[in-house]
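Encoded as structure tokens, the structure appears first; notes follow it.
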Amino acid sequence: MKLVIDNRTGYLNDYYFQPLCLLYFPGEKFPASPAPDAPEAVVGFTGTPDGFSCTVRLRVNGRIADGAFSSAGYRFALPLAAEDRAQITAGRAFLDAGGKLFGFLPPWGCITGLRPAKRARYFLARGNSEDRVRALFADDYLVSPAKTELTMRTAARETALLADVSPDCCGLYVSVPFCPTRCAYCSFVSYSNRKLFALIPDYLDKLLGDIRETADLISSLGLRLSAVYIGGGTPSILDAAQTERLFSALSDCAERFGVPEFTYESGRPDTTTAEKLAVAKRCGVNRVSINPQSTCDAVLERIGRRHTAADFFRAVDAAHRVGFDCLNADLIAGLPGDTRERFAQSLSDVLGCGFENVTVHTLSIKNASPIRFSDESVYDAEGVFARACVDYAYERLSGEGYAPYYFYRQKNTVGNAENTGYSKVGAEGIYNILMMEEYTSVFACGAGAITKLVSPDKQVIERLAHPKYPFEYLGLNRGLRTDEVRNFYGRYFE
598 MKLVIDNRTG
608 YLNDYYFQPL
618 CLLYFPGEKF
628 PASPAPDAPE
638 AVVGFTGTPD
648 GFSCTVRLRV
658 NGRIADGAFS
668 SAGYRFALPL
678 AAEDRAQITA
688 GRAFLDAGGK
698 LFGFLPPWGC
708 ITGLRPAKRA
718 RYFLARGNSE
728 DRVRALFADD
738 YLVSPAKTEL
748 TMRTAARETA
758 LLADVSPDCC
768 GLYVSVPFCP
778 TRCAYCSFVS
788 YSNRKLFALI
798 PDYLDKLLGD
808 IRETADLISS
818 LGLRLSAVYI
828 GGGTPSILDA
838 AQTERLFSAL
848 SDCAERFGVP
858 EFTYESGRPD
868 TTTAEKLAVA
878 KRCGVNRVSI
888 NPQSTCDAVL
898 ERIGRRHTAA
908 DFFRAVDAAH
918 RVGFDCLNAD
928 LIAGLPGDTR
938 ERFAQSLSDV
948 LGCGFENVTV
958 HTLSIKNASP
968 IRFSDESVYD
978 AEGVFARACV
988 DYAYERLSGE
998 GYAPYYFYRQ
1008 KNTVGNAENT
1018 GYSKVGAEGI
1028 YNILMMEEYT
1038 SVFACGAGAI
1048 TKLVSPDKQV
1058 IERLAHPKYP
1068 FEYLGLNRGL
1078 RTDEVRNFYG
1088 RYFE
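Position one of the sequence shown corresponds to residue 598 (the numbering used here), numbered consecutively onward.
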């Protein structure tokens, strides 16, 4: 896509305008030399903090639409910083042009960030009423009524759940980045390469060392470990003996800190077994995630899941027999080959299994995934099918006694929709909130894992990333960068 920007304000860097383009042109890139027939956005941005003005001209396939917005004299719902007013000004100009060109407004208006609920909580924490924050989203950002309601409900629930979480709390994420096969919507090609499976024993050795080192560091800093989460990839790809080794090390860690929440993202039903679940239970795991994504076999085959709905039901039955405090299932809205009726049936199947937690994702088109935006069976400009499924899930789950307790958005999501975690009261996962709201530090072990250090006032966040690929991670002569962690805590916590 061709993006031409004339920015004379000193606010908003050029990269800020790219996500605005993606509201109507998902999947587009911004090369230095775009193709002659590429979609085009021409932006003019002027003004001062007293009043910004933005004009946008969008051009695609010979069609042109102009949009504009000025904040001069505009009365915002809340007192906002100049950068916030600049963002709204630019965003509304894009919506003005895009609405004329395509005939619809995205459900999240001109909000481009991953964490709308965090934004709502920010303004609520500064003494603004719920009505005024609601007006900020609905009237200024032009967020739809349904998404404004989702934001406010989630923000209120997060605030209540985080009330007892102090700055000295932290989380621990452990990465097992291997999968038995690659799903069609996934971009992690090398993680499912069978040649890499030979690395698992060595990977596990190094991972256990990093877990011990990280636990020692957390202890030396005087922190309290509130949640442990084993994710992937597909952690249940480990065999029973390997699972026992990993969970035994994590069990020692959990007992050392008295961790109240210990989650195992078992993941794929085809690798989830009663034996592995029994190991998890014996080692103190109290939350397990088994993710069908759909319970329609035709959809599962099309997306390369390599398991059936029957496999899912068998895995769930095994988890119930072993016994855990909370079970979670993931579904994806907008999958190729799915329909509203099939999605509704998948949700009914999950609810019939008695899950305390249900996470509804929206299909996100990754750069390296086989599914592309060019596939008309997957994508339409407005994302009507995916959004209908997401809306149905919200209504159905709310009616069944589940409530949203965290959500986040991703780039290039079909229909510009979101990923939402729902739970019964008391079954919320505090780890998910800590991560999504960037509320406390989360330490991470394993390939592709990112430690996120958060200052007490939540205003400073530093990220320390491990190498993305397992073979690179194995080549490291160190684990977590302990000196950088100690320096961070020395600056902000002492």
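In this text, a Cβ means the ideal position worked out from N, Cα and C, and glycines have one as well.
- Cβ neighbours of Gly641 within its own chain (closer than 6 Å, five residues either side excluded): Asp603 and Thr652.
- Annotated three-state conformation of His1063 is coil, per DSSP.
- Spanning the alpha carbons of Arg791 and Pro798 requires a straight line of approximately 14 Å.
- For a cut-off of 8 Å, the C-beta gap from Ser886 to Asp927 is around 7 Å, short enough to register as a contact.
- Around the beta carbon of Ser1020, 16 or more other beta carbons sit within 10 angstroms, so the residue counts as buried.
- Between the stretch 727 to 740 and the stretch 666 to 676, the count of C-beta pairs closer than 8 Å reaches three or more; the two stretches touch.
- In the DSSP assignment, Phe666 forms a beta bridge with Cys651.
- Unbroken alpha helix (DSSP H) stretches of 4 residues or longer found wholly inside the stretch 819 to 893: 837 to 854 and 871 to 879, given in chain order.
- The continuous stretches of alpha helix (DSSP H) do not include Gly934, and DSSP gives it neither H nor E.
- In the displayed model, Thr811 falls within a helix according to three-state DSSP.
- Just so you know, the alpha carbons of Tyr770 and Leu702 end up roughly 37 Å apart.
- Its chain contains Glu997 as the residues whose beta carbon lies nearer than 7 Å to that of Leu948, once the 5 sequence neighbours on both sides are disregarded; these appear in chain order.
- In this structure, the alpha-carbon of Leu747 lies about 7 Å from that of Pro1001.
- Taking a contact to require three or more Cβ pairs closer than 8 Å, the stretch 822 to 832 and the stretch 855 to 863 qualify as touching.
- In the structure shown, Leu677 adopts coil according to DSSP, grouped into three states.
- Distances from the alpha-carbon of Leu874 to those of Ala838, Leu1077, Ser1052 and Cys776 put Ala838 closest.
- Here Asp927 carries a strand assignment [DSSP, helix/strand/coil].
- Asp693 counts as buried, since at least 16 other C-beta atoms from the protein chains shown sit within 10 angstroms of its C-beta.
- When Gly706, Tyr782, Cys850 and Ala871 are compared, the shortest CA-CA separation from Tyr738 is found for Gly706.
- Here the alpha carbon of Gly1087 sits roughly 45 Å from the alpha carbon of Met598.
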